[in-house]
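Asker: First, the structure itself, so that you have it in front of you.
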Amino acid sequence: MEMVQINKLIDYSAQFLNVGAFRDYCPNGLQVEGRKEIQKVIAGVSASKALIEEAIKQDADLILVHHGYFWKNEEAVITGMKRERIRLLLAHNINLVAYHLPLDAHPDVGNNAMLAKQLGFTTQYTCAEQNIMHVGACELQRLDVLGNRIELALARKPLVIGNPNQNISKVAWCTGGAQGYFSEAIKQGVDAFVTGEISEQMVDMAHESGVAFISAGHYATEKYGVAALAKHWEAQFNLSINLFYTDNPV
Ligand SMILES: [Zn+2]
């Protein structure tokens, strides 16, 4: 294990993830500053109080997440739960580092690339806003079989809307809360769209378009990006890495 300067790690990651190329809803990179030298990293999906408490317990120098703080529509004041989270970080001198869209989109460690690996999808091209959606191939199989495969791979039962007997070979996918891209996926001529969350109108859209909608879980589809980035850090900087996942059913 070695020590790495926080600034060096952040500069490296900004370049690696091409952070400057994204218009995002939150700051990417260092969100709450802690100690200057990093050796121990804990990575999780969301910067919850439970994750911070685990970081304190492990005496981690840095928390890496996909969902950090300071979102565009969030109240600007630091009160209540937000105050408590930030108080804990500052009191224990722990860095909070978050990557949102750049970590969804990265071709190697991104959530979309990593989900494809889990599910056996091959990316053919990316599209939609900021190229956030992937379109590609999956092994020809029935929708119900694909549903089972996803349940096995992600350890969570997906909500599958569509004819269970229909054949699936062309798919679009986008991790997290990307149900708003369903019409874009339909336009791409796919057999099924896989994302994290679902909204009420997606059910009728799936039936009327004949394109299956698979809600595989926001949390479940976004567990792999932070893990892959942390692993990359481990190899690049010889840091110690721990993963912390909570039981989030959404
Ligand atoms: Zn998300």
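Counting from 1, one number per residue, gives the positions in the sequence shown under the UniProt record's numbering.
For glycine and all other residues, C-beta sits at the position ideal for the given N, C-alpha and C.
(1) Under 8 Å by Cβ, that's how I've got GLY196 and GLY217 pegged, so tell me the actual separation to the nearest angstrom.
(2) Could you work out which residue in ALA76, ARG87, ILE132 is closest to HIS100 when comparing CA atoms only?
(3) How would you label ALA43, buried or exposed, when you count the other beta carbons within 10 angstroms and need 16 or more for buried?
(4) Could you check which residue in GLU184, GLU33, LEU88, LEU152 has the C-alpha nearest to that of ALA128?
(5) Hey, would you say ILE161 sits closer than 9 Å to ALA212, going by beta carbons?
(6) Does the beta-carbon distance from ALA172 to HIS134 come in below 9 Å?
(7) Using a threshold of 8 Å, is the CB atom of GLU222 nearer than that to any non-hydrogen atom of ligand 2?
(8) Label PHE22 either buried or exposed according to how many other C-beta atoms from any shown protein chain fall within 10 Å of its C-beta, with 16 as the threshold for buried.
(9) Would you call the segment 226 to 242 and the segment 33 to 49 touching, i.e. three or more CB-CB distances under 8 Å?
(10) Residue 256: beta carbon under 8 Å from a heavy atom of ligand 1?
(11) Over what stretch of residues does the alpha helix (DSSP H) that includes residue 306 continue unbroken?
(12) Are ILE10 and VAL97 close, meaning C-beta to C-beta below 9 Å?
(13) What distance in whole Å lies between the Cβ atoms of GLY34 and ILE94, which are believed to be in contact at a cut-off of 8 Å?
Answerer: Inspection of the coordinates gives the following:
(1) 6 Å
(2) ILE132
(3) buried
(4) GLU184
(5) yes
(6) yes
(7) Ligand 2 is not among the ligands present in this structure, which contains only ligand 1.
(8) buried
(9) yes
(10) No answer is possible for residue 256: it lies beyond the span of the chain, which begins at 1 and ends at 250.
(11) Because residue 306 is not part of the residues shown, which for the chain are 1 to 250, the question remains open.
(12) yes
(13) 4 Å
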